[in-house]
Amino acid sequence: AQSVTQLGSHVSVSEGALVLLRCNYSSSVPPYLFWYVQYPNQGLQLLLKYTTGATLVKGINGFEAEFKKSETSFHLTKPSAHMSDAAEYFCAVSDRNKLVFGAGTILRVKS
Amino acid sequence: DAMVIQNPRYQVTQFGKPVTLSCSQTLNHNVMYWYQQKSSQAPKLLFHYYDKDFNNEADTPDNFQSRRPNTSFCFLDIRSPGLGDAAMYLCATSTDPDQPQHFGDGTRLSIL
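Line by line, the protein sequences give chains U and X.
Position 35 (the first sequence) corresponds to 170 in the working numbering; numbering is contiguous.
Position 9 (the second sequence) corresponds to 42 in the working numbering; numbering is contiguous.
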């Protein structure tokens, strides 16, 4: 079965600093990978997805992620954090017709 | 706008009193999912429908049931809620199980 590990349950950055949220997956087949964001008391919103093709994937709100097969990683980055980026972020892999989520990373942005 | 709508946003029920949560979608997606999300945890899939085909997760308690009367609507029934069932319940849809899921804003269930 596929699994996802998100390193760091909490990440804190200063406004304007680089955001890096780490995600590693295990998969026996080429994976479909996703990043979702969740604001308090809301559902999950898709940031970006990787299925096939280009390994650098651009998403909404200035986020991007790079699929690295050799490292089994799909880390999420944003060059410059904004206060509105404060939220919880979930990495997910598609496994046998369902999503397997990581435990989530709460991003705090300091002014 | 096409959406996934969950009603109500907040639901309070009594211990042991049946409760139904609803989800509707205007996306005309084939697949509808129900997740349970407890505080500071990832969403946990309870079950999903692919069209009319119901798929229950192995570890979903029997206390949880679901109905999908048509493409647009899906319901989550909790027959005898216990204190441990207090959580956010998320509905999601997708065109296909491997495709991105579109989530509603959830129903937060409290048990008195």
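Ideal Cβ positions, reconstructed from N, Cα and C, are used throughout, including at glycine.
Straight-line gap, residue i to residue j (C-alpha atoms, nearest Å)
i, j, result
"Q177/U", "A189/U", "31 Å"
"G151/U", "Q47/X", "47 Å"
"K77/X", "P94/X", "12 Å"
"L123/X", "L153/U", "31 Å"
"T53/X", "R100/X", "10 Å"
"A91/X", "Y68/X", "14 Å"
"F86/U", "V172/U", "Beyond the ends of chain U as shown, which are 136 and 246, falls residue 86/U; an answer cannot be given."
"K193/U", "Q39/X", "29 Å"
"D83/X", "M65/X", "A small correction: the amino acid at residue 83/X is Tyr; Asp does not occupy that position in the sequence shown. Y83/X and M65/X: Cα-Cα distance of roughly 7 Å."
"Q134/X", "S127/X", "5 Å"
"P130/X", "G49/X", "33 Å"
"V45/X", "S143/X", "5 Å"
"L179/U", "F198/U", "16 Å"
"G115/X", "K204/U", "43 Å"
"N89/X", "N196/U", "35 Å"
"Y167/U", "T187/U", "8 Å"
"S57/X", "Y224/U", "25 Å"
Spatially closest choice to residue i from the options, by CA coordinates
i, options, result
"F106/X", "Q44/X, N63/X, Y68/X, G49/X", "N63/X"
"Q74/X", "G239/U, Y167/U, R243/U", "G239/U"
"V242/U", "L191/U, T212/U, K204/U", "The question names Val, but residue 242/U is Leu in the sequence shown. Checked all of L191/U, T212/U, K204/U; the closest Cα to L242/U is T212/U."
"L79/X", "I144/X, K71/X, D86/X, F97/X", "F97/X"
"L183/U", "L145/X, T140/X, S57/X, Q132/X", "Q132/X"
"A200/U", "E206/U, L156/U, S144/U, L234/U", "L156/U"
"F87/X", "T59/X, K71/X, L109/X", "L109/X"
8 Å Cβ shell around residue i - same chain, five flanking residues per side excluded
i, result
"F136/X", "V37, L123, C124, A125"
Residues of its chain near residue i, where Cβ-Cβ distance is below 6 Å and the 5 sequence neighbours each way are ignored
i, result
"Y174/U", "A222"
"F202/U", "Y185, T190, F209"
"P51/X", "R112"
"Q141/U", "C158, C226, G237, A238, T240"
Same chain, Cβ closer than 7 Å to residue i, neighbours up to 5 away in sequence not counted
i, result
"D138/X", "Q39, R42"
"S246/U", "E150, M218"
Kindly confirm or deny that the region 217-228 of chain U and the region 106-125 of chain X touch, where touching means at least three C-beta pairs closer than 8 Å.
no
If we count Cβ pairs, one from each stretch, closer than 8 Å, do we get three or more for the region 224-232 of chain U versus the region 157-167 of chain U?
yes
Near-chain U residues of the region 132-144 of chain X (beta-carbon distance less than 9 Å), N- to C-terminal order:
Q132, P133, Q134, H135, F136, G137, D138, G139, R141
Taking a cut of 7 Å between CB atoms, which residues from the region 34-53 of chain X lie near chain U?
none
Residues, ordered as in the chain, of the region 219-246 of chain U that lie near chain X by beta-carbon distance below 9 Å:
E223, F225, A227, S229, R231, N232, K233, L234, V235, F236, G237, A238, G239, I241
What are the residues of the region 96-123 of chain X that lie near chain U, defined by any Cβ-Cβ distance shorter than 9 Å?
M121, L123
Which of the residues in the region 78-91 of chain X, read from start to end, lie with their CB under 9 Å from any CB of chain U?
L78, H81, Y83, N88, E90
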